[in-house]
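In order, the protein sequence lines correspond to chains Y and U. In this text, residue positions in the first sequence follow the working numbering: the first is 873, and each later residue adds one. In this text, residue positions in the second sequence follow the working numbering: the first is 873, and each later residue adds one. A quick write-up on the structure given underneath.
Protein chains: 2
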Amino acid sequence: MNTLAEENYLKSIYHLSLNAESVSTNQLAALLSTSAASVTDMLKKLADKQLINYARYQGVSLTPAGEKIALHIIRKHRLWEFFLVEKLDFKWDEVHEMAEEMEHISSTELIDRLDKFMGYPKYDPHGDPIPDSKGNFKVHELKPVSMVAVNECGIISGVRDHSPAFLQYLEKQQLTIGKKIQVAEIIEYDHSMILQAGNNRIHISREVANNLLIAV
Amino acid sequence: MNTLAEENYLKSIYHLSLNAESVSTNQLAALLSTSAASVTDMLKKLADKQLINYARYQGVSLTPAGEKIALHIIRKHRLWEFFLVEKLDFKWDEVHEMAEEMEHISSTELIDRLDKFMGYPKYDPHGDPIPDSKGNFKVHELKPVSMVAVNECGIISGVRDHSPAFLQYLEKQQLTIGKKIQVAEIIEYDHSMILQAGNNRIHISREVANNLLIAV
DNA sequence: TAAAAAATTTAGACTTGTCTAAAAAATATT
DNA sequence: AATATTTTTTAGACAAGTCTAAATTTTTTA
């Protein structure tokens, strides 16, 4: 098995790879709150284990073996988040840190039974897809509310910013996963938007609209 | 917080302290499958942190602060074991290793909510008491079946040997927690015993009788 | 395109937790 | 009580993962 540090590197490489083909040393150092030198050391180790493609100064990407491990960790993280919210009544902004520890529990049998216990959920409390036991998941087509035209409707289905502050703000505005909204008005001056959600009109900034994702 | 290694030492010292006032370096080395030299190193560290009473060559015991931490880890271990058996349908002989990892999840709020979710269980799947959030628990008066007189009755309430082999054997003989039994006969020659459990007569060796605990 | 800036790697060191071998202390034995 | 045995500690070393400072490579910019 891999160490805790190795698992965290693989997971971070996976997440950063979603935005770009290859991931840089500094990106990893920033995300993991560590030094670039430490990242280089670990990249050599992961390359030796054939979990990443790495050439000096060239950035890294996951090999199929590395991606498989990363997806398994993400599966565990998201299933535990689902458990914490659905069974233990935590709020969606409270679960990340706990899941960050729980994702390293090693038993595969345990996580498969947890999956079954909860009825094989497809999405975690933030709308992120939960890979199945084979690592497969479907990304639903999402776009930021900021890209939606006036009068268009959609279902809130994800967030780009997972910070507690943002999640708490959304909760307070009742902009939670599954809610149907319509873009009522766009303020040209600052690109802020007024959303219609049931009988409520909610005014959100451009920044919020950028970080809130809907399925149309 | 304490490291994983520190937590495991505290837990081991607690368990060994149940049989004797003070715990020796070699006892710890054996239980933790490590060298006596490593144990000495760690004891110095724990003594610096005021979690144990330690004087060279004199053995160790937990301070109140150390005991509090040990009991919290044991609480987490036993609650997770209960969860695994009651909610995820694992057998009582399968859960120890998993709980061994899960007991190090740090959130106290999480464990308190897990406790509530399961209805505040008092005993884990092996009959061991689960400390409450303040570290309190009641030990019920148990004695090994080997100490029970002929014709006496009792409820199976615990085990002294937690090994999967022993637990599987008991399960196969239907000698599980909560079952009412009566000592039907004691074979003088080898101190083996015949138990009456409902309509079944079960013949157990002296060794098994020694490791099976009942409340009378 | 050559110098400057930024990104990355190397070198050397530190901490944690472990090890083996040797020394010291405690305990048992004759 | 003196010696032998066992237990425990000390000494010195190692691997993992991290650090800072310096060197190297790549990228940017003038």
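Virtual Cβ for every residue (Gly too), placed ideally from N, Cα, C. Only a predicted model underlies this, so the values are computations on that prediction, with no experimental measurement involved.
Under 8 Å between C-beta atoms of residue i and residue j
| i | j | result |
| --- | --- | --- |
| residue 886 (chain U) | residue 934 (chain U) | yes |
| residue 1009 (chain U) | residue 1001 (chain U) | yes |
| residue 1086 (chain U) | residue 1020 (chain U) | yes |
| residue 978 (chain U) | residue 873 (chain U) | yes |
| residue 1083 (chain Y) | residue 1054 (chain Y) | no |
| residue 1035 (chain Y) | residue 1081 (chain Y) | no |
| residue 1039 (chain Y) | residue 952 (chain Y) | no |
| residue 932 (chain Y) | residue 945 (chain Y) | no |
| residue 898 (chain Y) | residue 909 (chain Y) | no |
| residue 1028 (chain U) | residue 1048 (chain U) | yes |
| residue 888 (chain Y) | residue 904 (chain Y) | no |
| residue 1071 (chain Y) | residue 1046 (chain Y) | no |
| residue 948 (chain Y) | residue 1007 (chain Y) | no |
| residue 999 (chain U) | residue 1030 (chain U) | yes |
| residue 954 (chain Y) | residue 993 (chain Y) | yes |
Below-8 Å beta-carbon distance, residue i vs any chain Y residue
| i | result |
| --- | --- |
| residue 975 (chain U) | no |
| residue 903 (chain U) | no |
| residue 910 (chain U) | no |
| residue 883 (chain U) | no |
| residue 985 (chain U) | yes |
| residue 970 (chain U) | yes |
| residue 982 (chain U) | yes |
| residue 1018 (chain U) | no |
Bridge partners - residue i, DSSP secondary structure assignment
| i | result |
| --- | --- |
| residue 1074 (chain U) | U:1067 |
| residue 933 (chain U) | U:925 |
| residue 1015 (chain U) | U:1086 |
| residue 1057 (chain U) | U:1066 |
| residue 1028 (chain U) | U:1086 |
| residue 895 (chain Y) | Y:932 |
| residue 1051 (chain Y) | In DSSP, residue 1051 (chain Y) forms no bridge with anything. |
CB contact below 8 Å: residue i versus chain U
| i | result |
| --- | --- |
| residue 1099 (chain Y) | Because chain Y spans 873 through 1088 in this model, residue 1099 (chain Y) falls outside it and cannot be assessed. |
| residue 990 (chain Y) | no |
| residue 961 (chain Y) | yes |
| residue 1005 (chain Y) | no |
| residue 1039 (chain Y) | no |
| residue 1029 (chain Y) | no |
| residue 978 (chain Y) | yes |
Residue i burial status per 10 Å Cβ neighbour count (16 or more: buried)
| i | result |
| --- | --- |
| residue 942 (chain U) | buried |
| residue 832 (chain U) | Residue coverage of chain U in this structure runs from 873 to 1088, which leaves residue 832 (chain U) outside it and unanswerable. |
| residue 876 (chain U) | exposed |
| residue 1032 (chain Y) | exposed |
| residue 997 (chain U) | buried |
| residue 980 (chain U) | exposed |
| residue 1088 (chain Y) | exposed |
| residue 928 (chain U) | exposed |
| residue 1059 (chain U) | exposed |
| residue 883 (chain U) | buried |
| residue 971 (chain U) | buried |
| residue 1026 (chain Y) | buried |
| residue 967 (chain Y) | buried |
| residue 975 (chain Y) | buried |
| residue 1003 (chain Y) | buried |
| residue 879 (chain Y) | buried |
| residue 890 (chain Y) | exposed |
| residue 1011 (chain U) | exposed |
| residue 991 (chain Y) | exposed |
- Query: For the region 961–1022 of chain Y, which segments carrying the alpha helix (DSSP H) assignment without a break, of at least 4 residues, lie completely within its bounds, in sequence order?
  - Reply: 968–974, 980–989
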